[in-house]
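Using the numbering used here, the first residue of the sequence shown is number 203, and each one after it goes up by one.
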Amino acid sequence: MAFGKIHGSFFDSSVNELDPLTRLVFIGLIVLSDRDGRLDITRTALARKVNLPLADVERAISLLQMPDPESRSPENDGARIVPLDAHRTWGWCVVNKAQYRSADGDTIREAAAERKRVERSRKKVSPAPSSKKQIPDTDTASHTSHKMSQKKRDIAFDAFWTAYPPRSGRAKGDKARSAKLFAEHVRSDEDAQAILVAAANYGACDDVLRGYRKDAERWIPAWREWLNVGPSNAQTGKSKPFSPQI
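Next up, the structure:
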């Protein structure tokens with residue numbers, strides 16, 4: 203079943219300045235398209251689904267495909283949708299759907315809740331404090347309580363690869379190399395949950411939204427840095443703490 207959420211940023215963007223029918227068609231494209239924003243139907247079929255005259259739908263499509271210099275995203279000159287194939291007049295891709303899906307608020311809240319549950323569990327079984335200070339190895343000793351099997355690690359990597367923010371016109375990185383690094387730096391069930399939160403935080407930062415995104419194999423070794431870091435401060439250019447509401 204097709205599914206899509208309308209994020210609050212929709213109402214702050216330049217698309218909200220378009221006429222009501224164009225906004226309705228755009229919302230229909232978001233909801234009806236697949237996880238990656240692809241909708242492979244004719245204009246007539248789209249008109250039936252959104253219950254609007256074909257002429258109104260065609261006008262809306264023309265407007266949504268136009269460059270928008272006020273858009274937050276530089277991809278495709280700010281166009282909201284792009285054709286799936288240049289040789290036909292139907293079938294489109296909602297440019298930013300996959301990007302916003304990876305930073306979906308519900309996903310962040312669920313992952314953050316799981317991370318807090320894990321932290322509470324660790325506190326219950328923590329040993330008595332020692333007088334000698336010890337520096338924990340975050341990639342080994344503190345993350346071995348729930349080691350993953352190879353099968354679970356493969357499933358966890360597939361979930362991460364789906365969640366890692368895409369970049370229009372480019373691959374996410376070297377998948378084989380990323381899988382190897384994932385196995386080195388994600389060693390437990392807790393890590394598998396936490397890296398999804400980190401990827402969502404990274405996908406929501408201003409640099410990524412502007413199209414500047416690291417390939418996955420460069421990002422994975424330092425993924426823990428994004429557990430408590432959210433979108434960049436637009437005025438200062440510095441990162442700020444990210445505290446999702448639960």
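Glycine included, C-beta positions come from ideal geometry on N, C-alpha and C.
Fewer than three pairs of CB atoms, one per stretch, sit closer than 8 Å, so the stretch 242-261 makes no contact with the stretch 277-284. With respect to Arg389, Lys349 sits close: the two C-beta atoms are nearer than 8 Å.
Residue burial annotation: Arg415 is buried, with at least 16 other C-beta atoms found within 10 angstroms of its C-beta. Under the three-state reduction of DSSP output, Ser390 falls in the strand class. Residue pairing by DSSP places Arg369 opposite Arg372 in a beta bridge.
With contacts defined by Cβ atoms closer than 8 Å, Leu223 and Ala262 form a contacting pair. Within the same chain, Cβ atoms closer than 7 Å to the Cβ of Ser216 are found at Asp270, Glu272 and Ser273, the five residues on either side in sequence being excluded. DSSP places Val284 in the uninterrupted beta strand (DSSP E) bounded by Ile283 to Pro285. Closest in alpha carbon position to Ala378, among Trp294, Arg250 and Ile422, is Ile422. Under DSSP, the beta-bridge partners assigned to Leu241 are Trp294. Here DSSP, grouped into helix, strand and coil, assigns Lys377 to helix. In the three-state DSSP reduction, Lys416 falls in the coil class, being neither helix nor strand.
Each residue's CA atom was taken as its position, placing Lys374 and Ser380 some 10 Å apart. Each of Glu316, Cys295, Glu321 and Cys407 was checked against the Cα of Asp236, and the nearest Cα belongs to Cys295. Note on Ala424: under 16 other CB atoms within 10 angstroms of its CB, so exposed under the neighbour-count rule.
Around the beta carbon of Glu392, a 10 Å sphere encloses 16 or more other beta carbons of the protein chains shown; the residue is thus reported as buried. The straight-line gap separating the alpha-carbon atoms of Lys299 and Ser264 is approximately 19 Å. Distance check between Arg426 and each of Arg412, Ser351 and Arg317 places Arg317 closest, using alpha-carbon atoms only.
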